[in-house]
Amino acid sequence: MFVVKLIYPKRQSSSVKACFQGEGNTVPGSNRFFLILQDSKAKKAKSKDKKVPEADKRKKPKKEEEQKWKWWEEERYPEGIKWKFLEHKGPVFAPPYEPLPENVKFYYDGKVMKLSTKAEEVATFFAKMLDHEYTTKEIFRKNFFKDWRKEMTPEEKSTITNLSKCDFTHMSQYFKAQTEARKQMSKEEKQKIKDENERLLKEYGYCVMDNHKERIANFKIEPPGLFRGRGNHPKMGMLKRRIMPEDIIINCSKDSKIPPPPPGHKWKEVRHDNKVTWLVSWTENIQGSIKYIMLNPSSRIKGEKDWQKYETARRLKKCVDKIRNQYREDWKSKEMKVRQRAVALYFIDKLALRAGNEKEEGETADTVGCCSLRVEHIKLHPELDGQEYVVEFDFLGKDSIRYYNKVPVEKRVFKNLQLFMENKQPEDDLFDRLNTSILNKHLQDLMEGLTAKVFRTYNASITLQQQLKELTNPDDNIPAKILSYNRANRAVAILCNHQRAPPKTFEKSMMNLQSKIDAKKEQLADARRELKSAKADAKVRRDEKSKKSVESKKKAVQRIEEQLMKLEVQATDREENKQIALSTSKLNYLDPRISVAWCKKWGIPIEKIYNKTQREKFAWAIDMAEEDFEF
DNA sequence: CCCGTAACTTAGAACTGGTATG
DNA sequence: CATACCAGTTCTAAGTTACGGG
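Taking the working numbering, I'd label the letters of the first sequence as residues 29 to 659.
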């Protein structure tokens, strides 16, 4: 239904190397990979080969079994019930504020000023961000200053009336020195910190849910600081206040050991709700939304849900043709509402747009999704660059990431869009008779469990599968096959518009590479000159020695040409990935079983595709998918 | 239907730490 | 040995969806 265009570097073999840079977990001989792919076989072999002392034998399997609990082989809970037993230690609070040493000064209007602890703390938040572009933004400064003043004593308030007169540079220097000092710490000191973190993780990083120890994702409470919204956020710079035990709701089993609040404090509430998955929650002060502490993606509760998500997408695969025919019919409907719904759904399906909920104006950055598109976000071109009926999209989506695309559409869609835009202002809704709730209700009627986001999952996964089929060359070696995998992944990332800001060091590293290329070019020119003169020489002398010299010079030229090509391909590859992020699609949209099956089919070690964390998250897929798995 | 709220997934940026490089 | 670099990890913002009450 949709086409993803990719430009590939010309030479495969050389860019392979680039792909492998930094993948440090390669094991010589690569046998170990197959241990993981063929777990059961490997285990059998192991127990035959190795003679383990009796005591060890008894202990180890038990431990391993606990670590490798295969929840996916167990029966699921009835709908709505998330757990039967839940015990945890509660959250870890942000460390208390440590006042600055006396010699670190803050200046107002050129004069030293000693701040109260509360005001000082908030000032340090700003000082720590001084190098960031944020602090130059008008809205950020205004919001910060307003909230900062709330923390000041009456005296401070009356003195400090202008942010521009505040000098945080000394404070900023102090923090930079601190960071530097941390880097310079001795091995022992660093180890001490590491040990302490490990202890914290061990104590607070896990919970017990239904007889199994599970890893918690975010057991640390977000520390206070200045709110950093994405894009043009009206609340940027506001003070994110410190969360206290009195803000915290604990959720756990009635019969579990209830985590005690820190001495001298109380929890806001302790509840025992097994219809939800969270362990701890609190209300954040910027948007007034609720934040949660939940389990790690490797947990049963997250894994099951993830698996279910892909199963829903696979059900969509079975009826997607029917749904597509349906919405194409609906383009002709006499009901405006139905037409809008059908065109919106077409965009969601074809372009993998997000649903697009309405947002409260002034509360968040101005971003849109499909249903919230405005007239100003599209341009209609009856003809553009030799193509008919082109729609030009230009809007900011989630995280204020720009979506820009020129898409040829069916005539009917085009005509409908013209109709929807008639007599509207640029800031009016394109789909004025539609919202996500209407759309999702309709989708629910088409297929149980179908919502707008299922299309994104479905199209991402099916694209990966298709692209893998298309791009994998059976004769390629492993690195070349992995390159194909990454390209398939890239096709999905482009479809889903997963972008990233070019890394800060990108230009520099690109320049380094370019200078390497330039040097190589010069080297090549030299080698060619030498070859030329050797040829001339050989013509005159006509002896064996000069002939040989010509041959070796020829080879040298070839070798340098190849090296140059490699470098250029590497540059292309890096350039192509400059603004594309592969990880989001890999983590959230691609059915891991497709990747696992592909690995098994071609004998690719799973470690080449998934790092340790990803293997933990996708353990279910790695265990259950065979090479013939079809999404 | 509208609206607000709750719960959960998805997202890019910032940070970290281990390793390659000079 | 210091430094640069980058993959992996952490952080938390920003979405989607369901639901209940008027």
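Quick reminder that beta carbons are idealized off the backbone N, C-alpha and C, glycines included.
Spatial distance of residue i from residue j (CA atoms)
i           : j           : result
residue 243 : residue 299 : 21 Å
residue 303 : residue 111 : 8 Å
residue 561 : residue 550 : 17 Å
residue 310 : residue 251 : 13 Å
residue 360 : residue 437 : 15 Å
residue 293 : residue 420 : 57 Å
residue 182 : residue 134 : 18 Å
residue 196 : residue 120 : 30 Å
residue 453 : residue 202 : 52 Å
residue 399 : residue 541 : 44 Å
residue 378 : residue 486 : 11 Å
residue 218 : residue 531 : 28 Å
residue 249 : residue 387 : 27 Å
residue 162 : residue 258 : 10 Å
residue 154 : residue 254 : 7 Å
residue 448 : residue 367 : 9 Å
residue 637 : residue 247 : 28 Å
residue 571 : residue 543 : 39 Å
residue 442 : residue 403 : 14 Å
residue 471 : residue 445 : 21 Å
residue 313 : residue 389 : 18 Å
residue 267 : residue 172 : 7 Å
Given residue i as reference, the closest of the options once Cα atoms are compared
i           : options            : result
residue 621 : 347, 640, 632, 653 : 653
residue 423 : 448, 433, 566      : 433
residue 482 : 196, 339, 521      : 339
residue 245 : 229, 373, 207      : 229
residue 538 : 104, 576, 602, 462 : 602
residue 347 : 476, 263, 457, 101 : 476
residue 178 : 257, 116, 269      : 269
residue 494 : 507, 513, 505, 480 : 513
residue 124 : 149, 139, 137, 141 : 149
residue 615 : 647, 606, 607      : 647
residue 659 : 414, 171, 462, 345 : 345
residue 151 : 194, 137, 164      : 194
residue 356 : 343, 374, 363, 362 : 374
residue 609 : 528, 363, 172      : 528
residue 156 : 139, 207, 413, 165 : 207
residue 137 : 191, 107, 96, 417  : 191
residue 169 : 264, 212, 129      : 264
Span of the alpha helix (DSSP H), counted from its first residue to its last, around residue i
i           : result
residue 415 : Note, residue 415: premise wrong, no alpha helix (DSSP H); beta strand (DSSP E) at 415-424.
residue 163 : First-last for residue 163: undefined, no H or E at that position.
residue 492 : 480-499
residue 558 : 534-569
residue 344 : 328-358
residue 392 : Premise fails: residue 392 is in no alpha helix (DSSP H) and is neither H nor E.
residue 302 : Careful: residue 302 lies outside any alpha helix (DSSP H) and carries neither H nor E.
Cβ neighbour criterion (16 or more within 10 Å) applied to residue i
i           : result
residue 464 : buried
residue 144 : exposed
residue 627 : buried
residue 633 : buried
residue 109 : exposed
residue 116 : buried
residue 186 : exposed
residue 427 : exposed
residue 635 : buried
residue 385 : exposed
residue 175 : buried
residue 261 : buried
residue 140 : exposed
residue 489 : buried
Residue i - containing beta strand (DSSP E), residue span
i           : result
residue 297 : 297-299
residue 272 : First-last for residue 272: undefined, no H or E at that position.
residue 181 : Run containing residue 181: none; DSSP gives neither H nor E here.
residue 240 : 240-243
residue 403 : Note, residue 403: premise wrong, no beta strand (DSSP E); not H, not E.
residue 319 : 318-321
residue 237 : 234-237
residue 141 : 139-141
residue 21  : What the structure shows of the chain is the stretch from 29 to 659, and residue 21 is not part of that stretch, so it cannot be assessed.
Those runs of the beta strand (DSSP E) which lie wholly inside the segment 417-467 and span at least 3 residues: 430-436
Complete runs of the alpha helix (DSSP H) confined to the segment 582-651 [at least 4 residues]: 611-616, 620-630, 640-645
Residue ranges of each beta strand (DSSP E) within the segment 92-136, 3 or longer: 134-136
Contained beta strand (DSSP E) runs [length at least 3] in the segment 190-227, N- to C-terminal order: Counting whole runs of 3 or more residues, the segment 190-227 contains no beta strand (DSSP E) stretch at all.
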